[in-house]
Amino acid sequence: MQTRPAAPDTQLENEIRIGDRSIALVTAILLILMALVYVMTPAPGDASSKSLDPVWPAMSALAILSLFRIYMSRRRPLPSWLSYITMAGEFAVLFTLIVCFEAKYDQPPAFVLKSPTVIWLFVLIGLRALRLDPLEVLAAGAMAATGWTGLTLWAVWQSPPSAITHDFVAYMSGPSILVGAEVEKVLAILLFSFSLAIAMRRGQRFMGRVTDYASQLVRLLKKEKRLLAKLRQESEERQQTARQLHDALYTDALTGLPSRQALNDELDQRARQRPFRPLRLVLVDLCSFRRFNDTMGRVAGDALLVRAAQDLRGASRPSTFIARIAADEFAILASVHPDELEGEDIPSLGSFGRSIDAGSFTFSGGANSGAAWARESRDIPMLMHNASLALNEAKRLGRQRSVDFDKGQRQRAERLAQLESHLHTAIRSRQLWVAYQPIVCLSTNLLAGWEALLRWTHPLLGPVPPVDFIPLLEESGLINQVGRRILIVAAEDARRMSLALGRKDLFMSVNVSPFQLNEPSTLVGAVHKARTRFARLKLELTESGVAEDPVRARSVLSQLRDAGVELSLDDFGTGMSSLAHLQQFEFDYLKIDRAFVQSDEDAFIKGILLLAGSLGLVTIAEGIETDADRKRLLELGARYGQGYFWGAATPAAAWINGAPFTTFRKAAV
195 MQTRPAAPDT QLENEIRIGD RSIALVTAIL LILMALVYVM TPAPGDASSK
245 SLDPVWPAMS ALAILSLFRI YMSRRRPLPS WLSYITMAGE FAVLFTLIVC
295 FEAKYDQPPA FVLKSPTVIW LFVLIGLRAL RLDPLEVLAA GAMAATGWTG
345 LTLWAVWQSP PSAITHDFVA YMSGPSILVG AEVEKVLAIL LFSFSLAIAM
395 RRGQRFMGRV TDYASQLVRL LKKEKRLLAK LRQESEERQQ TARQLHDALY
445 TDALTGLPSR QALNDELDQR ARQRPFRPLR LVLVDLCSFR RFNDTMGRVA
495 GDALLVRAAQ DLRGASRPST FIARIAADEF AILASVHPDE LEGEDIPSLG
545 SFGRSIDAGS FTFSGGANSG AAWARESRDI PMLMHNASLA LNEAKRLGRQ
595 RSVDFDKGQR QRAERLAQLE SHLHTAIRSR QLWVAYQPIV CLSTNLLAGW
645 EALLRWTHPL LGPVPPVDFI PLLEESGLIN QVGRRILIVA AEDARRMSLA
695 LGRKDLFMSV NVSPFQLNEP STLVGAVHKA RTRFARLKLE LTESGVAEDP
745 VRARSVLSQL RDAGVELSLD DFGTGMSSLA HLQQFEFDYL KIDRAFVQSD
795 EDAFIKGILL LAGSLGLVTI AEGIETDADR KRLLELGARY GQGYFWGAAT
845 PAAAWINGAP FTTFRKAAV
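The numbering of the sequence shown is my numbering, which starts it at 195 and goes up by one.
Shown next as structure tokens:
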């Protein structure tokens, strides 16, 4: 494993510490050499003097300074201020030694100006380079120059210049002095060169380390630069991803409208506005959109949604907030002034009351809407829920309905939840039962058959409307179990009722849920078992039920026809009626919805009857409540009728025991 070098600051500090110790060592060597020279080559004068020699105390002071420098640089270099003080002490001791030599031997002032003294000054100056500080070298030079100038002035003050020159020449020309002086020069030059060489070597080594560190730093910086570039790229990618996620979360990709999440945020924002303005939320659901989408294709379905979004935006105020919150569901939110609470402030179904052109296709299914108010900010948390309840109520009432929320709808939703929890118990305890409504021949007013209708009588809640519990059966998946049971019970009851009436020509019609087509084996098996009890079975399917999945429906209906039952298309004329459905699925009967029978749409009914006649279909008109209705439908061409004019649906026991309509004992033609 490669060890990372120390930082340059740490290396420099270590080099300076070594320099301090080197200065002390060289100073010690210098001191020893001075002592040897002093002993071996004494200066001229009275060498036999017994007085205290001042040279040795000065040398001792220099030695103490060297030891002090060594001690203080054990772990870290001397601080600059302490190094300057120590250096000044060393120069002061050296100059003191020079003066001591002159005083000891009572030499003339020229003695202090001898040449070797200058060389020793150069050595002390050169040693400063070992601390790798140019300021200390300059300071040492300044101290040496100052000291030497002081010695020169002192010598001139002691003797005239001519005497100094004469004494200096006489002193330096002595044979014993000449040898010592030259040796002193050589040693001083060697020490000076050695100190400079050491300083240069250490400086070179330090610079090499700094260069290595700088190279590593450059490589590290390049690596960090690449890393920063990568991080910047990743950051930009994350920001782009965040923008895409935000757009996906808050904007519908197909229509460009805000999403459900954006609607929730808008509601939160408007709830915090002060002063608070009442809000009206309308949920709009396209009727039969799934069928349109499956029949016409997704391209046409997408074009329809885009066109619907454009129509909503075009019919709304700029301040109105419009969002797409589900596949075929839109939300319209607007702030309304208190004085306009009862007014039309935002569009509802105006854009969908007419046909919508979606490219080369036309959608005429219309839309349902549910609206709710938030008159105070505290009403906002329930605003979406209330509007959903209103929309569900509109769907329950039929197509192209607009409903405002009321508390009764919440009670109804709670009741449905309660019913769902009781549904399993109702099946086990036989609370579900079958009633039979007569189907009559219009021309003879005689019984032709029955339609089996499922009923639920709750022991505490009483009769439960089929429109409430049948969707619960479908959503829970219980419809297959219950539907199988209805087929078998209806067949058995039809057999018994036919015997009680003495009729063999009657038929039994049973409704089949679209969800039952998803389990064809269960449905076909139930048909086989039911026909062993009663052969003349007819199955009723709604147009929307077979249009949900035409391929599957065609396959299942073919199996049912092979099982021996006839097929009836229920509620024709509602939603998106299609001639293709009549031709594709080969129905035997066509039922006209009660909504057309109770209206004045005779021309429309006549058209349906002519269409059915051309395809060989037998027609049954629902919702006949008066004799006038019966006569009108007979004149228009309907063959059979069904409605309260002949009576409500009753249990099989009423037909078996009482036979409420005695004329039904006769055969219908």
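Glycine is no exception: its CB is placed at the ideal position from the N, C-alpha and C atoms.
> When you compare only the Cα positions, how much space is there between residue 609 and residue 659?
Replying inline: Position 415 of the sequence shown, counted from the start, is the residue given in the question as residue 609. Position 465 of the sequence shown, counted from the start, is the residue given in the question as residue 659. Note on geometry: alpha-carbon atoms of residue 609 and residue 659 lie some 12 Å from one another.
> Among 421, 758, 652, 515, which residue has its Cα nearest to the Cα of residue 528?
Replying inline: For the purposes of this step, residue 528 is taken as the residue at position 334 of the sequence shown. With respect to the C-alpha of residue 528, the residue from 421, 758, 652, 515 having the closest C-alpha is 515.
> Can you check whether the CB of residue 475 is closer than 8 Å to the CB of residue 581?
Replying inline: Here residue 581 refers to the residue found at position 387 of the sequence shown. Here residue 475 refers to the residue found at position 281 of the sequence shown. Their beta carbons are under 8 Å apart, which means residue 581 touches residue 475 by this criterion.
> Applying the criterion that 16 or more other CB atoms from any shown protein chain within 10 Å of the CB defines a buried residue, is residue 156 buried or exposed?
Replying inline: In the structure as shown, the chain begins at 195 and stops at 863. Residue 156 is therefore absent and cannot be evaluated.
> Exposed or buried, which one is residue 715 when buried takes at least 16 other CB atoms within 10 Å?
Replying inline: Position 521 of the sequence shown, counted from the start, is the residue given in the question as residue 715. Residue 715 comes out exposed.
> Are there 16 or more other CB atoms within 10 angstroms of the CB of residue 405, so buried, or fewer, so exposed?
Replying inline: Counting from 1 along the sequence shown, the entry for residue 405 is found at position 211. Residue 405 is exposed by the Cβ-count criterion.
>> For the beta strand (DSSP E) containing residue 836, name the first residue and the last one.
In response: The residue labelled residue 836 in the question sits at position 642 within the sequence shown. Its beta strand (DSSP E) spans residues 834-836.
> Alpha carbon to alpha carbon, how far is residue 801 from residue 787?
Replying inline: As a working mapping, residue 801 is identified with position 607 in the sequence shown. As a working mapping, residue 787 is identified with position 593 in the sequence shown. Cα-Cα distance, rounded: 14 Å.
>> I'd like to check one pair, residue 720 with residue 681: are the Cβ atoms closer than 8 Å?
In response: Taking the sequence shown and counting its residues from 1, the one referred to as residue 681 is at position 487. Taking the sequence shown and counting its residues from 1, the one referred to as residue 720 is at position 526. Yes, Cβ-Cβ distance for residue 681 and residue 720 is below 8 Å.
> In or out: residue 722 buried (at least 16 other Cβ within 10 Å) or exposed?
Replying inline: Locating residue 722 in the sequence shown gives position 528, where the first residue counts as 1. The residue in question, residue 722, is exposed, as its Cβ has fewer than 16 Cβ neighbours within 10 Å.
> Which two residues bound the contiguous beta strand (DSSP E) that contains residue 478?
Replying inline: Taking the first residue of the sequence shown as position 1, residue 478 is located at position 284. In the DSSP annotation of this structure, the continuous segment of the beta strand (DSSP E) that includes residue 478 starts and ends at 473-480.
> Across which residues does DSSP place residue 596 in a beta bridge pair?
Replying inline: Locating residue 596 in the sequence shown gives position 402, where the first residue counts as 1. Answer by DSSP bridge pairing, in chain order: 563.
>> At 3 residues or longer, what runs of the beta strand (DSSP E) sit wholly inside the region 503-531?
In response: DSSP runs (the beta strand (DSSP E)) wholly in the region 503-531: 515-520, 523-529.
> Residue range of the alpha helix (DSSP H) that residue 267 falls in?
Replying inline: Walking along the sequence shown from the start, residue 267 turns up at place 73. Residue 267 -> no alpha helix (DSSP H), and no H or E assigned at all.
>> Using only the alpha-carbon positions, how far apart do residue 561 and residue 712 sit?
In response: For the purposes of this step, residue 561 is taken as the residue at position 367 of the sequence shown. For the purposes of this step, residue 712 is taken as the residue at position 518 of the sequence shown. So the two alpha carbons sit approximately 27 Å from each other.
> With a Cβ-Cβ cutoff of 8 Å, do residue 727 and residue 758 count as a contact?
Replying inline: Along the sequence shown, one-based indexing puts residue 727 at 533. Along the sequence shown, one-based indexing puts residue 758 at 564. Not in contact: residue 727 and residue 758 (Cβ atoms no closer than 8 Å).
> Taking the C-alpha atoms as reference points, what is the distance between residue 837 and residue 494?
Replying inline: On the sequence shown, residue 837 is found 643 positions in, with the first residue counted as 1. On the sequence shown, residue 494 is found 300 positions in, with the first residue counted as 1. C-alpha separation (whole angstroms): 39 Å.
> Straight-line CA distance for residue 624 to residue 844?
Replying inline: As a first step, residue 624 must be located in the sequence shown, where it is residue number 430. As a first step, residue 844 must be located in the sequence shown, where it is residue number 650. Rounded to whole angstroms, the separation of the alpha carbons of residue 844 and residue 624 is 17 Å.
> What did DSSP end up calling residue 287 once you bin it into helix, strand or coil?
Replying inline: Position 93 of the sequence shown, counted from the start, is the residue given in the question as residue 287. Residue 287: helix per DSSP, three-state reduction.
> Assuming residue 263 and residue 334 make a contact with CB atoms under 8 Å, what is their CB distance in whole Å?
Replying inline: Within the sequence shown, numbered from 1, the residue matching residue 263 stands at position 69. Within the sequence shown, numbered from 1, the residue matching residue 334 stands at position 140. Between residue 334 and residue 263 the Cβ distance is about 14 Å, and since that is not below 8 Å, they are no contact.
> If we ignore side chains and look at the alpha-carbon of each, how far apart do residue 498 and residue 557 end up?
Replying inline: Taking the first residue of the sequence shown as position 1, residue 498 is located at position 304. Taking the first residue of the sequence shown as position 1, residue 557 is located at position 363. Rounded to the nearest angstrom, the two C-alpha atoms are 7 Å apart.
>> I'd like to know whether the C-beta atoms of residue 598 and residue 584 end up nearer to each other than 8 Å.
In response: Within the sequence shown, numbered from 1, the residue matching residue 598 stands at position 404. Within the sequence shown, numbered from 1, the residue matching residue 584 stands at position 390. A contact, by the Cβ cut-off of 8 Å.
> By DSSP, does residue 864 sit in helix, in strand, or in coil?
Replying inline: In the structure as shown, the chain begins at 195 and stops at 863. Residue 864 is therefore absent and cannot be evaluated.
> Between 735, 596, 526, 256, which lies nearest to residue 318 when the distance is taken from Cα to Cα?
Replying inline: The residue labelled residue 318 in the question sits at position 124 within the sequence shown. Out of 735, 596, 526, 256, 256 has the C-alpha closest to the C-alpha of residue 318.
> Nearest to residue 741 by CA position, among 462, 487, 329, is which residue?
Replying inline: Counting from 1 along the sequence shown, the entry for residue 741 is found at position 547. It is 487.
> From 530, 826, 419, pick the residue whose C-alpha is nearest to that of residue 511; which is it?
Replying inline: For the purposes of this step, residue 511 is taken as the residue at position 317 of the sequence shown. It is 530.
> Can you check whether the CB of residue 215 is closer than 8 Å to the CB of residue 270?
Replying inline: Within the sequence shown, the letter at position 76 stands for residue 270. Within the sequence shown, the letter at position 21 stands for residue 215. No; because the gap between Cβ atoms is not below 8 Å, this pair is not in contact.
>> Considering Cα atoms alone, identify which of 663, 278, 687, 685 is closest to residue 707.
In response: As a first step, residue 707 is located in the sequence shown; it is residue number 513 there, counting from the start. Per the Cα distances, 663.
> Do the region 669-681 and the region 820-837 make contact, defined as three or more Cβ pairs closer than 8 Å?
Replying inline: Touching, no, given that fewer than three Cβ pairs across the two stretches are closer than 8 Å.
>> Could you give the first and the last residue of the continuous alpha helix (DSSP H) run that contains residue 612?
In response: As a working mapping, residue 612 is identified with position 418 in the sequence shown. Run containing residue 612: 601-622, per the alpha helix (DSSP H) assignment.
> Nearest-angstrom Cα distance between residue 338 and residue 417?
Replying inline: For the purposes of this step, residue 338 is identified with residue 144 of the sequence shown, where counting begins at 1. For the purposes of this step, residue 417 is identified with residue 223 of the sequence shown, where counting begins at 1. Near 51 Å, if we compare the C-alpha coordinates of residue 417 and residue 338.
> Where residue 653 and residue 808 are concerned, what is the direct C-alpha to C-alpha distance, given to the nearest angstrom?
Replying inline: On the sequence shown, position 459 is the one that residue 653 refers to. On the sequence shown, position 614 is the one that residue 808 refers to. The C-alpha of residue 653 lies about 49 Å from the C-alpha of residue 808.
> With DSSP run on the structure shown, which of helix, strand or coil describes residue 732?
Replying inline: By one-based count along the sequence shown, residue 732 stands at place 538. If DSSP states are grouped into helix, strand and coil, residue 732 belongs with the strands.
>> Just to confirm my understanding: we take residue 284, look at its own chain, exclude 5 residues before and 5 after, and list those with CB closer than 7 Å. What are they?
In response: Counting from 1 along the sequence shown, the entry for residue 284 is found at position 90. Counting only Cβ-Cβ distances below 7 Å, and skipping sequence neighbours, we find 221, 256, 259, 318.
> According to DSSP, what are the bridge partners of residue 816?
Replying inline: Taking the sequence shown and counting its residues from 1, the one referred to as residue 816 is at position 622. 836.
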